[in-house]
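A short worksheet on the structure shown next.
There are 2 protein chains.
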Amino acid sequence: MNDQSRRDFVKKSVIAGLSTTLPASQLLTSAAGDMFVHHVYFYLKNKGNEADKAKLLEGLNKLAKVPTIKFVHIGSPATTDRSVIEKGYAVSWLCFFNNLEDEEVYQKHPIHLKFVEDYSALWEKVIVYDSVGPRRS
Amino acid sequence: MNDQSRRDFVKKSVIAGLSTTLPASQLLTSAAGDMFVHHVYFYLKNKGNEADKAKLLEGLNKLAKVPTIKFVHIGSPATTDRSVIEKGYAVSWLCFFNNLEDEEVYQKHPIHLKFVEDYSALWEKVIVYDSVGPRRS
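From first to last, the protein sequence lines stand for chains S and L.
Quick note on UniProt numbering: the first sequence kicks off at 1 and runs consecutively.
Quick note on UniProt numbering: the second sequence kicks off at 1 and runs consecutively.
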């Protein structure tokens, strides 16, 4: 990569608003248009059961390998505590896609289907928020 | 920036899991530890009122200038439609912080206080999910 292309890479990564462990060539395709944000909150059947939570996290770490995912964050409720804050879930699963089509590929991907098959017995419910909005420069 | 430091910048941005419009010097400080994800869903008093939604978006674009925010995404419900998907909100406000302390700075920041003062009449309720989890390499 020469100096100019390296500068372009850095600049375009910044425009995209996020970078991932993907090769630069894939990052560059995500520099324009909307971004699809998929956020799932998992509520365990056995609320507070650490072994079940660990098992779910194991599953999500496998799920993170679906290739259309551009960025993923796996979290637990923070210590913040105000009346408007929902804290009853066990695990937050946040991922970004370049577009709706990539999220549809994820939904039907064998890794996702296997995740649901292997781990869905752990959760009582999920709440999903899918939102779309422009990448920010 | 020489070749080596440029390589380091790119590498560390990737490790951080996200990049922003911040200078590289600030990005590099966020390469380790947990990431704090703050996700707010706004429900308008006048559900479906496009003028009110536009006004809220105007406010959120001002709010995005709080300096401790490392990444922000402003969205609307996607077209996806399954029973587990919550679509009743008008606007999704997602932001990342380096840590809890930076989120506390944001909560008390004059820009945030002014946002609440100027725009809170627009919403009927908000639901907030704060979650914390490791940055992914």
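Backbone N, C-alpha and C define an ideal beta-carbon position, used for all residues, glycine too.
All values derive from a computational prediction rather than experimental measurement.
- Task: Give me whichever residues DSSP pairs with residue 91 of chain S in a beta bridge.
- Result: In the first sequence, counting from the first residue as 1, residue 91 of chain S sits at position 91. Bridge partners of residue 91 of chain S: S:42.
- Message: Does any residue of chain S have a CB that is nearer than 8 Å to the CB of residue 36 of chain L?
- Response: By 1-based counting over the second sequence, the position of residue 36 of chain L is 36. Taking Cβ atoms only, chain S reaches closer than 8 Å to residue 36 of chain L, which makes this a yes.
- With DSSP as the reference, please indicate the residues paired to residue 119 of chain L in a beta bridge. The residue given as residue 119 of chain L occupies position 119 in the second sequence. None, per the DSSP bridge assignment.
- Taking C-alpha atoms, which residue in L:135, L:65, L:128 and L:90 lies nearest to residue 46 of chain L? Counting from one through the second sequence, the residue named residue 46 of chain L turns up at place 46. Among L:135, L:65, L:128 and L:90, the Cα nearest to that of residue 46 of chain L belongs to L:90.
- Query: When the distance is taken between beta carbons, is residue 65 of chain S closer than 8 Å to residue 96 of chain S?
  - Reply: As a working note, residue 96 of chain S is residue 96 in the first sequence. As a working note, residue 65 of chain S is residue 65 in the first sequence. No.
- Flag residue 86 of chain S as yes if its beta-carbon sits less than 8 Å from any beta-carbon of chain L, otherwise no. What you label residue 86 of chain S is simply residue 86 of the first sequence in a count that begins at 1. Yes, contact with chain L.
- DSSP three-state assignment for residue 125 of chain L, whether helix, strand or coil: By one-based count along the second sequence, residue 125 of chain L stands at place 125. Residue 125 of chain L: strand per DSSP, three-state reduction.
- residue 73 of chain S by DSSP, collapsed to three states: which one? The residue given as residue 73 of chain S occupies position 73 in the first sequence. Assigned with DSSP and collapsed to three states, residue 73 of chain S falls in strand.
- Pairwise C-alpha distance: residue 62 of chain L and residue 114 of chain S: For this step, residue 114 of chain S is matched to residue 114 along the first sequence. For this step, residue 62 of chain L is matched to residue 62 along the second sequence. Distance between the alpha carbons of residue 114 of chain S and residue 62 of chain L: 43 Å.
- Task: Closer than 7 Å by C-beta to residue 2 of chain L: which residues in its own chain qualify, once you throw out the five before and the five after it? Chain order, please.
- Result: As a position in the second sequence, residue 2 of chain L is number 2, starting the count at 1. In this predicted model, residue 2 of chain L has a pLDDT of only 48, less than 50, meaning its place in the structure is not dependable enough to derive any value.
- Residues bridged to residue 85 of chain S (per DSSP): Taking the first residue of the first sequence as 1, we reach residue 85 of chain S at position 85. Paired residues: L:128.
- Going straight from the alpha carbon of residue 98 of chain L to that of residue 117 of chain S, what length do you get? One-based indexing of the second sequence puts residue 98 of chain L at position 98. One-based indexing of the first sequence puts residue 117 of chain S at position 117. Each residue's alpha carbon lies about 34 Å from the other.
- Message: Could you tell me the alpha carbon to alpha carbon distance between residue 73 of chain L and residue 51 of chain S, rounded to whole angstroms?
- Response: On the second sequence, position 73 is the one that residue 73 of chain L refers to. On the first sequence, position 51 is the one that residue 51 of chain S refers to. Approximately 33 Å, taken between the alpha carbons.
- Query: So which residues on chain S does residue 78 of chain L lean against when the C-beta distance must stay under 7 Å?
  - Reply: What you label residue 78 of chain L is simply residue 78 of the second sequence in a count that begins at 1. Residues of chain S passing the Cβ test: 36, 100, 130, 131 and 132.
- Item | Rounded straight-line distance, which links the Cα of residue 128 of chain S to that of residue 84 of chain L | Working through the second sequence from its first residue, we reach residue 84 of chain L at position 84. Working through the first sequence from its first residue, we reach residue 128 of chain S at position 128. Spanning the alpha carbons of residue 84 of chain L and residue 128 of chain S requires a straight line of approximately 6 Å.
- Message: To the nearest angstrom, how far is the alpha carbon of residue 134 of chain L from that of residue 102 of chain L?
- Response: As a position in the second sequence, residue 134 of chain L is number 134, starting the count at 1. As a position in the second sequence, residue 102 of chain L is number 102, starting the count at 1. One C-alpha to the other measures close to 16 Å.
- Query: Hey, does residue 119 of chain S have any beta-carbon neighbour from chain L nearer than 8 Å?
  - Reply: The residue you call residue 119 of chain S lines up with position 119 of the first sequence. So, not an interface residue.
- Item | CB contact below 8 Å: residue 94 of chain L versus chain S | Here the question's residue 94 of chain L lines up with position 94 in the second sequence. Judged by the 8 Å Cβ criterion, residue 94 of chain L is in contact with chain S.
- Check each candidate in S:130, S:86 and S:124 and name the one with the smallest Cα separation from residue 107 of chain S. Start at 1 with the first residue of the first sequence, and residue 107 of chain S comes out as number 107. Of the listed residues, the one whose Cα sits closest to residue 107 of chain S is S:130.
- Find out if the Cβ-Cβ distance for the pair residue 92 of chain L, residue 37 of chain S is shorter than 8 Å. For this step, residue 92 of chain L is matched to residue 92 along the second sequence. For this step, residue 37 of chain S is matched to residue 37 along the first sequence. Yes, these two residues count as a Cβ contact at 8 Å.
- Query: Pick from S:88, S:104, S:119 and S:57: whose alpha carbon is nearest that of residue 48 of chain S?
  - Reply: To locate residue 48 of chain S, count along the first sequence from 1; it is residue 48. Residue 48 of chain S has its Cα closest to that of S:88, out of S:88, S:104, S:119 and S:57.
- Between the Cα of residue 132 of chain S and those of L:35, L:34 and L:94, spot the shortest distance and give me the residue it belongs to. In the first sequence, counting from the first residue as 1, residue 132 of chain S sits at position 132. The shortest C-alpha to C-alpha distance from residue 132 of chain S to any of L:35, L:34 and L:94 is the one to L:94.
- Using a C-beta cutoff of 8 Å, does residue 73 of chain L count as contacting chain A? Among the protein chains of the structure shown, namely S and L, there is no chain A.
- Item | Contact set for residue 34 of chain S: own chain, Cβ-Cβ below 8 Å, skip 5 residues either direction | On the first sequence, residue 34 of chain S is found 34 positions in, with the first residue counted as 1. Here the set comprises 99, 132, 133, 134 and 135.
- Distance between residue 79 of chain L and residue 53 of chain L (C-alpha atoms, nearest Å): Start at 1 with the first residue of the second sequence, and residue 53 of chain L comes out as number 53. Start at 1 with the first residue of the second sequence, and residue 79 of chain L comes out as number 79. Rounded to whole angstroms, the separation of the alpha carbons of residue 79 of chain L and residue 53 of chain L is 18 Å.
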